[in-house]
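Presented below is the structure to which this report refers.
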Amino acid sequence: MIAKRAFSLCRSLLAKEKKGGKSKSAANIPQADLGDDGLPKDYKLKILRAGSRRLDTFVNRATGQSSSEVLKLILQGKVRVNDEVYTKKAYNVCQEDVVEVWKNAYAENSSLAQVERTEIVSYEVTEQGYNFEVKSWKSFLSDNWRSSQ
Numbered sequence: 003m004i005a006k007r008a009f010s011l012c013r014s015l016l017a018k019e020k021k022g023g024k025s026k027s028a029a030n031i032p033q034a035d036l037g038d039d040g041l042p043k044d045y046k047l048k049i050l051r052a053g054s055r056r057l058d059t060f061v062n063r064a065t066g067q068s069s070s071e072v073l074k075l076i077l078q079g080k081v082r083v084n085d086e087v088y089t090k091k092a093y094n095v096c097q098e099d100v101v102e103v104w105k106n107a108y109a110e111n112s113s114l115a116q117v118e119r120t121e122i123v124s125y126e127v128t129e130q131g132y133n134f135e136v137k138s139w140k141s142f143l144s145d146n147w148r149s150s151q
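Numbering (my numbering), first residue to last: 3 to 151.
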């Protein structure tokens, strides 16, 4: 996982340099913006509110896609929880689950894929449903579990 984050960071730094922007080295980043592994945090902490813990509801809230789009993603095998593909929407997500939604194969290496990744840090039950505290990556490199399809 550290190697994937480092690779992701390197790609974003190179892209900034190509555009003429200034890139940050790890030495110039405030300590509060560094993760446990010493790499810059490339995720956002968010609170998601949902009526249930079902996978389809969670992916809908995490990605902002419509319920019908989320259902298609799940049925097509484009949603993975903790490295296991789920093709049924009824799975209840739990604390520490890592949910990945497959976007596309990475152009430079077909064994990698760009995914939207959400890690559930914690959740609480409220009168309105559930509040999920999550780490969210809009673009994350992962192994391409759909490479054979």
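C-beta: ideal position from N, C-alpha, C; glycine also. It should be emphasised that the depicted structure is a prediction, and the values quoted were computed from it without experimental measurement.
Alpha carbon to alpha carbon, what distance is there between residue j and residue i?
i, j, result
"Y108", "R119", "15 Å"
"E135", "T59", "15 Å"
"G79", "E129", "33 Å"
"V81", "N111", "20 Å"
"Y125", "G131", "10 Å"
"S113", "I49", "32 Å"
"E102", "V87", "9 Å"
So, for residue i: in the same chain, excluding its five sequence neighbours on each side, which residues have a beta-carbon less than 7 Å away from its beta-carbon?
i, result
"G23", "Summary for G23: the model assigns pLDDT 46, below 50, so the residue's position carries little reliability; its value from the coordinates is reported in the next sentence. Same-chain partners within the cutoff: there are none."
"Y45", "K137, S138, W139"
"N94", "R55, R56"
"G53", "T59, G131"
"K91", "R56, L57, D58, L73, I76"
On the DSSP bridge assignment, give the partners of residue i in chain order.
i, result
"I122", "V136"
"D145", "L114"
"R82", "V87, E102"
"R51", "N133"
"A107", "A115"
"K74", "The partner list for K74 (beta bridge, DSSP) is empty, contrary to what the question assumes."
Skipping 5 residues on each side, what residues in its chain have a beta carbon closer than 8 Å to that of residue i?
i, result
"C96", "R55, I122"
"A115", "W104, K105, N106, A107, Y108, L143, S144, D145, N146, W147, R148, S149"
"Q67", "V61, L75"
Assuming the contact rule is C-beta atoms closer than 8 Å, residue i and residue j should be a hit. Round their C-beta distance to whole Å, please.
i, j, result
"V1", "D99", "A query on residue 1 cannot be resolved here, the shown segment of the chain reaching from 3 to 151 and no further."
"N133", "R51", "6 Å"
"L47", "V61", "The pair is not a contact, with the Cβ atoms about 19 Å apart (cut-off 8 Å)."
"L77", "T89", "6 Å"
Given residue i, which residues of its chain have a CB within under 6 Å of its CB, disregarding the five upstream and five downstream residues?
i, result
"V72", "D58, V61, N62"
"V127", "none"
"S69", "N62"
"S141", "Q116"
Starting from residue i, trace the alpha helix (DSSP H) both ways and give me its first and last residue.
i, result
"A64", "57-65"
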